[in-house]
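Notes to accompany the following structure.
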Amino acid sequence: MIIEKANSNDLDEILDLQKLSYITEAELYNDNSIEPLNQTIDGIIEEFQKGVILKAFDYEYGIIGSIRAVKSNNNILIRKLIVHPDFQNMGIGKKLLSAIENYYISLYSNIEFYLFTGYKSSKNLYLYRKCGYKEFKTEKISETFGFVHFKKKSNDIYI
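Quick note on numbering: full-length UniProt numbering labels position 33 of the sequence shown as 33, and the sequence is numbered without any gaps.
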């Protein structure tokens, strides 16, 4: 498996993988209207143009994971860390998260990384805490849904 920057030819495959990967999130919250399931190709093209998309590529299976981020001032906003369901719990998410951090650290100093996940997404919560992210805010969206927001300073990352 290699992790590298995605190119525009990868976007359809990444979008398909995203929709497959977010089915379990939709089931967890009993909500098929979540944005990742309904994102269009135009939406991912816009994210590609504004930020960075990395892919985890396996020569036998194709793209098996991806992560996106965009810089805003001295903040890196990480979005849509996805791993194919057949390849979850193998460390790919952790490697993608580390790769996006290292990408931005190689370009900028004194930055902070931000990400969020649903409050019921126990695997995501575990991963982000294990990778050194600190919870700083919870956001209630409705009676049954909310986000947990995390951050991490670049000087807390050891390359």
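We put the beta carbon where it would ideally sit given N, CA and C, even for glycine.
Straight-line Cα distance separating residue j from residue i
i      : j       : result
Glu-4  : Asp-10  : 11 Å
Gly-65 : Glu-143 : 31 Å
Asn-74 : Tyr-61  : 36 Å
Ile-14 : Ile-63  : 7 Å
Gln-39 : Asn-110 : 32 Å
Lys-94 : Asn-7   : 21 Å
Asp-58 : Ser-33  : 30 Å
Val-52 : Val-70  : 6 Å
Nonlocal neighbours in the same chain, by C-beta distance under 8 Å from residue i, ignoring five residues either side
i       : result
Lys-134 : Phe-150, Lys-151, Lys-152
Gly-118 : Glu-25, Leu-28, Tyr-29, Asn-124, Phe-145, Gly-146, Phe-147, Val-148
Chain-order list of residues whose beta-carbon lies under 6 Å from that of residue i (same chain, five-residue window excluded)
i       : result
Phe-116 : Phe-147, His-149
Own chain residues within Cβ distance below 7 Å of residue i, not counting five before or after
i       : result
Leu-37  : Lys-19, Tyr-22, Ala-26
Ile-159 : Low per-residue confidence applies at Ile-159: pLDDT is 48, beneath 50, and the placement is therefore not dependable enough to give any value.
For residue i: DSSP bridge partner residues
i       : result
Lys-137 : His-149
Leu-115 : Phe-150
Per-residue burial, residue i [other beta carbons within 10 Å of its own, 16 or more giving buried]
i       : result
Tyr-108 : exposed
Arg-68  : buried
Tyr-29  : buried
Phe-136 : exposed
Glu-35  : exposed
Lys-140 : exposed
Asn-155 : exposed
Glu-46  : exposed
Beta strand (DSSP E) runs contained entirely in the region 8 to 93, provided each spans 3 or more residues = 52 to 58, 62 to 72, 75 to 83
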